[in-house]
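For the sequence shown, the UniProt record's numbering gives the first residue as 1, with consecutive numbering after it. Below is one structure, written out as structure tokens; the observations come after it.
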Amino acid sequence: MSPVTPLPYATPPGGRAQYRGRVYVQHTDEIPQNPPTPTSSGHEPTTVERGSFCTARCSCGWSGPARRSRDRARTDAAEHSAS
1 MSPVTPLPYA
11 TPPGGRAQYR
21 GRVYVQHTDE
31 IPQNPPTPTS
41 SGHEPTTVER
51 GSFCTARCSC
61 GWSGPARRSR
71 DRARTDAAEH
81 SAS
């Protein structure tokens with residue numbers, strides 16, 4: 001594991017700094033980059049909650065009906081992904 005470089009403490013212009021702890025920079029070359037893997041049909045279905053309703057949506061623009069049952073919305077997404 002490579003060392004992490006601390007940033008010097010700096011006061012913002014015209015004011016007092018709020019945070020007095022240390023801030024560290026994590027180098028991006030240390031973080032593995034894993035792109036999202038698309039499903040075999042090219043669809044990326046997800047569920048979105050709005051209040052007490054849950055809706056299945058897809059990256060292709062498809063949107064299922066709003067449901068109170070999260071499980072049924074997940075089933076809608078799975079059925080769309082299979083089609």
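By construction, the Cβ of each residue, glycine as well, lies at the ideal position given by its N, Cα and C atoms. Note that this is a predicted model, so its numbers are computed, not measured.
Where residue i falls: helix, strand or coil (DSSP)
i, result
"Glu79", "helix"
"Ala66", "coil"
Exposure label - residue i; buried when at least 16 CB within 10 Å
i, result
"Cys58", "buried"
"Gly64", "buried"
"Asp76", "buried"
"Ala73", "buried"
Own chain, CB closer than 6 Å to residue i, minus 5 neighbours either side, in chain order
i, result
"Val48", "Thr55 and Arg57"
"Glu44", "Ser59"
Residue range of the unbroken beta strand (DSSP E) whose run includes residue i
i, result
"Glu49", "Thr46 to Arg50"
"Cys54", "Phe53 to Arg57"
Neighbourhood of residue i by C-beta distance below 8 Å, restricted to the same chain and skipping five residues each side
i, result
"Arg50", "Ala66"
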